[in-house]
Each structure stands twice: as structure tokens, then as C-alpha cells.
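Below: the structure, in C-alpha cells.
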Amino acid sequence: MAAMETLGILEEVEALVSDKHQVVSYKWLSRNFLVPSNDAKRLLQDLVDRRGSSLDVVYTVSGWLNNNPPSYKVRLVNGVGLESKVSSQRCLSSCSAVYLLFMEA
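The sequence shown begins at 24 in the numbering used here and counts up one residue at a time.
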């Protein structure tokens with residue numbers, strides 16, 4: 024994805040979240056700007072990194088749990104204290120996926 028295109032999308036999404044208080048998910052971003060889902064997730068994470076704690080962010084954390092028999096668990100967690108929540112998941116080796124699901128101002 025080109026840097027100018029990325030910057031334009033980030034500015035537009037930031038305006039939607041800040042000014043119109045719209046909830047933005049990676050799926051919405053992917054469909055409305057015709058970008059792949061993984062690029063949409065990266066764009067949202069870039070925006071969170073730029074804006075910091077002024078956004079409410081929800082992540083999905085998933086991985087195989089160390090149970091007998093092993094089970095796969097998916098949790099929705101807010102961005103506050105994400106690292107401790109990921110480590111408390113008690114995954115076999117490490118959690119297989121941590122994705123930014125959506126954010127709002």
C-alpha cells in the first residue's frame with residue numbers, strides 16, 4: 024500500500040472517529056476503502072499508536088489453551104493492560120492472534 028494512500032485513509036478514519044464519534048472496525052475499513060483485511064488491521068493499529076489513550080480499543084486475543092483436551096479460546100479485551108491479558112490467556116506456547124477489532128473516540 025502506497026504511503027500517500029495510507030496517509031489519506033488514516034486522516035479520513037481519524038476524522039470519522041474524532042469528529043463524528045463513529046465506531047470503526049477493520050472489516051468496515053476494509054470494505055469501504057477496498058483494502059485487504061490485514062492492511063486494515065495495520066492501519067487501525069497505526070492510528071492507535073499515533074493517538075494513544077484517547078481511543079477506546081477492543082482487541083481479539085485467541086490461542087490454544089493448555090487444557091486436557093486442548094481447546095481454542097477467543098476473548099474480546101479492551102486495550103488497557105492488553106499485555107497482561109494476553110499473558111493470562113494461558114496459551115500452550117503463545118497466543119496465536121491478537122487483532123485490533125474496532126475503536127471509537
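Don't be surprised by glycine CBs; every beta carbon is placed ideally from N, CA and C.
All values reported here derive from a predicted model rather than from experimental measurement.
According to DSSP, is Leu-78 helix, strand or coil?
Residue state, collapsed to three classes: coil.
By the three-class DSSP mapping on this structure, what secondary structure does Gly-102 have?
In the three-state reduction of the DSSP assignment, Gly-102 falls in the coil class, being assigned neither a helical nor a strand state.
Closest by C-alpha distance to Leu-57, when choosing among Gly-86, Thr-29 and Leu-105:
Minimum Cα-Cα distance from Leu-57 among the listed residues Gly-86, Thr-29 and Leu-105 corresponds to Thr-29.
Helix or strand or just coil, what does DSSP make of Lys-96?
The answer is strand: DSSP assigns Lys-96 an E or B state.
Find out if the Cβ-Cβ distance for the pair Val-80, Gly-102 is shorter than 8 Å.
Yes, they are a contact pair.
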